[in-house]
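Colleague:
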Amino acid sequence: MCLFGEDPLKEEKRKKKAEKKLKKQIKEVRKEEKKVTRRESDFDKIRKSSAKAQVKTEDKAATKLEKRFTAKYGDYMQKEETPKKKGIFKRSSSAS
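Numbering (my numbering), first residue to last: 2 to 97.
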């Protein structure tokens, strides 16, 4: 036993106890990090799948609208595409 300072055995026990506590804290932090990264990857998967689903639904909606539009205004569009009477002033598509 030392008269000056602390007992070396007690100090050794205190150090071991502190190391155990620190290791336990590190373990908990790593567990939390794993959970967070897992959640982030899940969110990324959800984001990607929802983006794909949104594109699919937008494509479906666009084709639906296109079908409706052509069904409703198809005759009108075809009439406009027919060449008109050519007058004195011609409009050429290659004019610059």
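Ideal placement from N, C-alpha and C gives every residue a C-beta, glycine not left out.
If you run the structure through DSSP and keep just helix, strand and coil, what is Asp8?
Modeller: Against the sequence shown, residue 8 aligns to sequence position 7. In this structure, Asp8 counts as coil in the three-state DSSP scheme.
Colleague: By a C-beta neighbour count over all protein chains shown, 10 Å radius and 16 as the cutoff for buried, is Ser97 buried or exposed?
Modeller: Indexing the sequence shown from 1 puts residue 97 at position 96. At Ser97, the pLDDT of 46 sits below 50, so the modelled position is not reliable and the matter cannot be decided from this model.
Colleague: Could you tell me the distance, in whole angstroms, from the CA atom of Leu10 to the CA atom of Ser50?
Modeller: Working through the sequence shown from its first residue, we reach residue 10 at position 9. Working through the sequence shown from its first residue, we reach residue 50 at position 49. Taking the straight line joining both Cα atoms gives about 60 Å.
Colleague: Among residues of its own chain, excluding the 5 on either side of Ala63, which ones have a beta-carbon nearer than 7 Å to its beta-carbon?
Modeller: Taking the first residue of the sequence shown as position 1, residue 63 is located at position 62. Hits under 7 Å: none found.
Colleague: Measuring straight from C-alpha to C-alpha, what distance separates Gln55 and Lys68?
Modeller: Position 54 of the sequence shown, counted from the first residue, corresponds to residue 55. Position 67 of the sequence shown, counted from the first residue, corresponds to residue 68. Distance between the alpha carbons of Gln55 and Lys68 is about 20 Å.
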